[in-house]
Every structure is written in structure tokens, then in C-alpha cells.
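**Student:**
Protein chains: 2
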Amino acid sequence: MNKYKDLGFKLTPQRLAVLNYLEGNRSHPSAEDVYKNVSKKYPTMSFATVYSTLEALKKKGKVLELTIDPARKRFDPNTEPHHHLICVKCRSIVDIHRKYSLDIPANEAGGFEIAGNHIEFYGICPKCKKKDL
Amino acid sequence: MNKYKDLGFKLTPQRLAVLNYLEGNRSHPSAEDVYKNVSKKYPTMSFATVYSTLEALKKKGKVLELTIDPARKRFDPNTEPHHHLICVKCRSIVDIHRKYSLDIPANEAGGFEIAGNHIEFYGICPKCKKKDL
DNA sequence: TTCTTGACAAATAATGATTATTATATAATA
DNA sequence: TATTATATAATAATCATTATTTGTCAAGAA
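In order, the protein sequence lines correspond to chains A and B.
Sequential numbering from 0 applies to the first sequence in numbering that gives the first Met the number 0.
Sequential numbering from 0 applies to the second sequence in numbering that gives the first Met the number 0.
1. From this set, A:Lys-128, A:Ala-70, A:Asn-116, A:Tyr-99, which residue's C-alpha is nearest A:Ser-29's C-alpha?
2. Measuring alpha carbon to alpha carbon, tell me which of B:Asp-102, B:Tyr-121, B:Glu-119, B:Phe-120 ends up nearest B:Glu-112.
3. Quick one: what does DSSP say B:Leu-56 is sitting in, helix, strand or coil?
4. Just the chain A side, please: which residues come within less than 7 angstroms of B:Ile-92 by C-beta, in chain order?
5. Count the other CB atoms, across all protein chains shown, that sit within 10 Å of the CB of A:Leu-10; report buried if there are 16 or more and exposed otherwise.
6. May I ask you to verify whether the segment 81 to 101 of chain A touches the segment 49 to 68 of chain A, counting CB pairs closer than 8 angstroms and requiring at least 3?
7. Exposed or buried, A:Arg-97, counting other C-beta atoms within 10 Å across all chains shown (16 or more means buried)?
8. Using a Cβ-Cβ distance cut-off of 8 angstroms, determine whether A:Phe-74 contacts chain B.
9. Any idea what DSSP makes of B:Tyr-121, helix, strand or coil?
10. On a Cα-Cα basis, can you pick out the residue from B:Val-87, B:Asn-116, B:Glu-79 that is closest to B:Gly-23?
11. Out of A:Tyr-50, A:His-82, A:His-81, which one is the CA nearest neighbour of A:Lys-72?
12. What would DSSP say about A:Gln-13, mapped onto helix, strand or coil?
13. Can you say whether B:Ala-114 is buried or exposed, counting buried as having 16 or more other CB atoms within 10 angstroms of its CB?
14. With a threshold of 8 angstroms between beta-carbons, can B:Cys-89 be considered close to chain A, or not?
15. Report buried or exposed for A:Gly-60, applying the criterion of at least 16 other Cβ atoms within 10 angstroms of its Cβ.
16. For the putative contact between A:Leu-63 and A:Phe-74, defined by C-beta atoms under 8 angstroms, what is the C-beta separation to the nearest angstrom?
17. Got a sec: is the Cβ-Cβ distance from B:Arg-71 to anything in chain A below 8 angstroms?
18. Looking at B:Asn-77 and A:Thr-120, is the spacing between their C-beta atoms short of 8 angstroms?
19. Kindly give me the distance between the Cβ atoms of A:Lys-164 and A:Ala-16, rounded to whole angstroms, as I take these residues to be in contact under 8 angstroms.
20. Interface residues of chain B around A:Tyr-50 at Cβ under 7 angstroms?
21. Quick one: does B:Gly-23 have its CB under 8 angstroms from some CB of chain A?
22. Are any of the Cβ atoms in chain B nearer than 8 angstroms to that of A:Lys-130?
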């Protein structure tokens, strides 16, 4: 009945709390976001535990680490291939689930073996648009 | 005769050295790369000067800050719109100058005003492919 | 049940990139 | 050349992240 059984690592309360927070979360939280939220339930939770849990989940492919925000890492529990639309003002991130076919001509690929791609769309979110009057 | 005349900020020797290093540079250097190189000519050069120069150039649109490398900022003096192909092993970066038409259906855009996009291709560079035998 | 072992959590320290501060030096301009 | 604003260098501070250490707990062996 436990959906995390197959993770192959110990399911501690702290880890469960992190998993629950991430479950279905589409806000692309930073480690701090995770920490803040999970701390409510587990006040003794330390930052290091958050990082190590996220790292463990990353290794198991349950979470993606996004390199979108220059200031901090963001994590994404949505592991299906998708793209992101980022607000250049407030750095909020929205998922884009479209498929795009992106080929690189061999002469531009410089001998690389292509493994995948990720598109970052930039824009201004509705909230920030309002603030700018 | 000076191609940097129009920058609208003081042209110190240090800044000129940074500009010369960036000119035509396609290696997407980090601040440390810039510092190391420019230090050869200006041994008293400080890291802070590198950062502030890069920041100033960024504001003037002469340099782009890349958020590709989770470990550090990378800078790109090639300000024409283009994309990047990154080696997941060594983090080397190659430019991709193709144009791709990428539309987001309005219902996915969440009310964002789209301003641009950037594609990150992932792969393994020839050097790292060899190392893996 | 008790012992042993290994993984985990928490606290804390350490690291590394970046930014801020401050006193001095220098470029641009009158 | 003098003035003035801005840049430099040195340094300290900050912030996110990683490493270390010590104590705790859980599961299996004796």
C-alpha cells in the first residue's frame, strides 16, 4: 500500500515528509522551500537532511535538479520530459508539456552524442505584469 | 579607432583586458576563467573587479550570463540569440546557431508574456566519449 | 534478548562562489 | 591641471551547498 516501497532506501519520517511535500508539487521548490515546509512537521529537521534526501531522490531518478535559477537549485518531482517557462522578474516557473522536435545538424554538433534537451522559455508572469502597472 | 568607445563607462586597463579576453571567446568562461587569464597581464587584478566588470557588461548587454552550470555562472560574449550544447561530463559548452520556431499554446502559457527562449541540449563531448572507452 | 552493524539524523563546521565594504587610485572632463 | 565621479584592490561578509562528526535507531546474528 505504500507507494514509496520501491525506492530501495530507508523510509524515515523525515524522508516521507519530503516526499509528501514534493508529491504533485508543481512549484519547483528550492531546498529552502522544502526545508521551510517540512520543518513545520519536523522542527528538528536539519538542512543537511533536506539536501541529502533530495540528493538521494535525484540519484534514484525521482526528482530532477533544475539549473534554471542562477541563485539556487530548484527541484522538480515531475520526471516526465517537459520544458519550463520562467518569469524573469520573480523566477516563478511553469511547466510546458509540449513536444518539440529539435534536431541539430551534424556539422553543428561538434561530435557530441546528443542525449536530450530542455527548453527554457522566458517571460513575465501575470502577477509581475500587474505590478509593473 | 577604439571599438569599445560606445560602452559608456570608464575604460580602464583592467576592463580592456577583460574585453579582450572575451572578444571572440567561445568557451563560455566562468568568472574564475576570466580572472585567471586576465591576471597574467594584471597580477594585482582582484576577483571583485572581474565580477563588477562582468556585471557592468551584462547591464550594457555586451555579455550574457548563462545559468547552465549548476556550480558556477558562465558568461557568453556572443549576444546573438543562440542555443547551447552541454557535455554532461565535463560541462564544456558548444554554441548552436540554428533557429527553431517554438510556440507555446496560450492555454499552456499560463498568462505569461513570452519574451524569448533558450534551448539546452545535453550530450557527451568527443573527449569524454573517448575517456569512457 | 542482547550485541553488532550499518545507515540515518542533527548539529556543526567547512567550502566555494558571489557580493558588499572601504580606503585609495585613476579616468574623464571642464 | 584640478575636479569629481567612478574604479580598483584588499578584505570581509554572505549565502547556498557540502562535508564531518557524533549520537541514534533499526534489523539481523548470536
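Don't be surprised by glycine CBs; every beta carbon is placed ideally from N, CA and C.
**Tutor:** Walking through what the data contain:
1. A:Ala-70 is the residue among A:Lys-128, A:Ala-70, A:Asn-116, A:Tyr-99 whose C-alpha sits nearest the C-alpha of A:Ser-29.
2. Taking only the C-alpha atoms, the option nearest B:Glu-112 is B:Asp-102.
3. Shown here, B:Leu-56 sits in a helix according to DSSP, grouped into three states.
4. Residues of chain A passing the Cβ test: none, with the nearest at roughly 10 angstroms.
5. Result: exposed.
6. Contact holds: three or more Cβ-Cβ distances are below 8 angstroms.
7. Under the 10 Å beta carbon count, A:Arg-97 is surrounded by fewer than 16 other beta carbons and is classified as exposed.
8. Chain B, which has no Cβ nearer than 8 angstroms to the Cβ of A:Phe-74, makes this no.
9. Correct three-state label for B:Tyr-121: strand.
10. Nearest to B:Gly-23 by C-alpha distance, out of B:Val-87, B:Asn-116, B:Glu-79, is B:Glu-79.
11. Of the candidates A:Tyr-50, A:His-82, A:His-81, the one whose C-alpha sits nearest the C-alpha of A:Lys-72 is A:Tyr-50.
12. Taken through DSSP and simplified to helix, strand or coil, A:Gln-13 comes out as helix.
13. With fewer than 16 other Cβ atoms within 10 Å, it is exposed.
14. No, because no Cβ of chain A sits closer than 8 angstroms to the Cβ of B:Cys-89.
15. Under this definition A:Gly-60 is an exposed residue.
16. In this structure A:Leu-63 touches A:Phe-74 by the C-beta definition: roughly 7 angstroms separates them, less than 8 angstroms.
17. Output row for B:Arg-71: interface = no.
18. Rather than Thr, the amino acid found at residue 120 of chain A in this sequence is Phe. No; because the gap between Cβ atoms is not below 8 angstroms, this pair is not in contact.
19. Nothing in the structure corresponds to residue 164 of chain A, since chain A is present only between 0 and 132.
20. Residues of chain B passing the Cβ test: none, with the nearest at roughly 13 angstroms.
21. So no, B:Gly-23 is outside the interface.
22. No, A:Lys-130 does not count as interfacial toward chain B.
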